Amino acid sequence: MKKVVMYTLSTCPWCMRAKKFFREHDIPFEYTDYDKADDRTKEAIKEDCLAHGSEMSFPFVKIDDKVVVGYNPEKYATLLDL
Numbered sequence: 001m002k003k004v005v006m007y008t009l010s011t012c013p014w015c016m017r018a019k020k021f022f023r024e025h026d027i028p029f030e031y032t033d034y035d036k037a038d039d040r041t042k043e044a045i046k047e048d049c050l051a052h053g054s055e056m057s058f059p060f061v062k063i064d065d066k067v068v069v070g071y072n073p074e075k076y077a078t079l080l081d082l
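Here the sequence shown stands for residues 1 to 82, numbered as in the UniProt record's numbering.
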């Protein structure tokens, strides 16, 4: 099983759809709501996004070593071999 980690905003409709996609496909995932995180966690998220060559945009989804910025169920499915 591939590891899925997401950075989201608690009020973002696209972030909610991304979480729903993974739940509907029974894919376990971890997520952090950026807007609810403490300052230290926010800084770590910023650094992680920049390290993957991306600006801050949500949802930010990591599937193993691949990154998908934005809601893109087709790309999620491809990377997960669904």
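Note that the Cβ used here is the ideal one computed from N, Cα and C, for glycine as well. All values reported here derive from a predicted model rather than from experimental measurement.
Counterpart residues of residue i in DSSP-defined beta bridges
i     : result
MET6  : TYR31, VAL61
LYS66 : ILE63
Close-in-space but distant-in-sequence residues of the same chain around residue i (CB under 6 Å, 5 per side omitted)
i     : result
TYR7  : THR32, TYR34, ILE45, PHE60
MET56 : CYS49
GLY70 : none
LYS75 : VAL68
Residue i, buried or exposed, once every other Cβ within 10 Å from all chains shown has been counted against 16
i     : result
ALA51 : exposed
LYS62 : buried
Backbone secondary structure at residue i - three-state DSSP
i     : result
ASP39 : helix
THR11 : coil
Expected contact under 8 Å - CB spacing of residue i and residue j to nearest Å
i     : j     : result
LYS19 : ASP64 : In fact, because the Cβ distance is near 18 Å, the residues do not count as touching under 8 Å.
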